[in-house]
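Q: This is the structure, below, for whatever I ask next.
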Amino acid sequence: MAGYESPRLDRPWTEVNPGGIVLESGNSVTYITGTWRSMRPVRDLEQCTQCLLCWIVCPDASITVNNGKVVGFDYDHCKGCGICAEQCPVTVKKPHAHTGKIGKVIQMVPETEFGQ
Numbered sequence: 001m002a003g004y005e006s007p008r009l010d011r012p013w014t015e016v017n018p019g020g021i022v023l024e025s026g027n028s029v030t031y032i033t034g035t036w037r038s039m040r041p042v043r044d045l046e047q048c049t050q051c052l053l054c055w056i057v058c059p060d061a062s063i064t065v066n067n068g069k070v071v072g073f074d075y076d077h078c079k080g081c082g083i084c085a086e087q088c089p090v091t092v093k094k095p096h097a098h099t100g101k102i103g104k105v106i107q108m109v110p111e112t113e114f115g116q
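For the sequence shown, position 69 (counting from the first letter as 1) is numbered 69 according to our numbering, and the numbering increases by one without interruption.
Here you go:
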């Protein structure tokens, strides 16, 4: 394999070539990583206050925002970690549009409910 160097233990870590070098920036958008998700975040559109906290905390940048408003989720890259639902500060006043439960505006739903 070209460019491969066997690990050597006779020199300090500062002299070892870094691993996992990505030569082309922005290539992660081409990899669909949301397929291993078991839970899916679902937002009640009517009751969302557009605070954007979900967008700020999403580690995968999977919250889609347009003109300062959340417009949806990028389910191709969302891994279902639930951070958006956990950090959502808004409690629904009436049953959630998708789950029918009282709770946060963003609620986690089993992926199996979407039949894919």
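Each residue gets a CB set at the ideal place from its N, CA and C atoms; glycine is no exception. Values in this document were obtained by computation on a predicted structure and should not be read as measured data.
Skipping 5 residues on each side, what residues in its chain have a beta carbon closer than 7 Å to that of I63?
A: Working through the sequence shown from its first residue, we reach residue 63 at position 63. Correct list, in chain order: C54, W55, V70, F73, C84.
Q: Among Q47, N17, K79, which residue has its Cα nearest to the Cα of I106?
A: For this step, residue 106 is matched to residue 106 along the sequence shown. The shortest C-alpha separation from I106 is found at Q47.
Q: I believe H98 touches V42 by the beta-carbon criterion, under 8 Å. Please report the beta-carbon distance rounded to the nearest angstrom.
A: The residue given as residue 98 occupies position 98 in the sequence shown. The residue given as residue 42 occupies position 42 in the sequence shown. With 8 Å as the limit, H98 and V42 qualify as a contact, their Cβ atoms being about 4 Å apart.
Q: Mapping the DSSP letters down to three states, classify G72 as helix, strand or coil.
A: What you label residue 72 is simply residue 72 of the sequence shown in a count that begins at 1. Three-state result, G72: strand.
Q: Within the continuous alpha helix (DSSP H) that includes I102, where are the two ends?
A: Taking the first residue of the sequence shown as 1, we reach residue 102 at position 102. Taken as a continuous stretch (DSSP letters only), I102 belongs to no alpha helix (DSSP H), as it is neither H nor E.
Q: What ranges does the alpha helix (DSSP H) occupy inside the region 20 to 70, keeping only unbroken runs of at least 4 residues that lie completely in it?
A: Complete alpha helix (DSSP H) runs here, min 4: 53 to 57.
Q: According to DSSP, T91 sits in a beta bridge with which residue or residues?
A: Indexing the sequence shown from 1 puts residue 91 at position 91. DSSP, once it has assigned bridges, lists K104 as partnering T91.
Q: Measuring straight from C-alpha to C-alpha, what distance separates E86 and L52?
A: Within the sequence shown, numbered from 1, the residue matching residue 86 stands at position 86. Within the sequence shown, numbered from 1, the residue matching residue 52 stands at position 52. About 13 Å.
Q: Taking Cβ to Cβ, would you say P95 is nearer than 8 Å to K104?
A: If you number the sequence shown from 1, residue 95 lands on position 95. If you number the sequence shown from 1, residue 104 lands on position 104. Cβ distance not < 8 Å, so P95 and K104 don't count as in contact.
Q: Residues in the same chain with beta-carbon distance under 6 Å from M1, minus the five sequence neighbours each way, listed in chain order, please.
A: Residue numbering aside, residue 1 sits at position 1 when the sequence shown is read from its first letter. Low confidence applies here, because M1 scores a pLDDT of 48, under 50, leaving its location unreliable; read the following figure in that light. Closer than 6 Å at the Cβ level, and outside the excluded window around M1, lies no residue.
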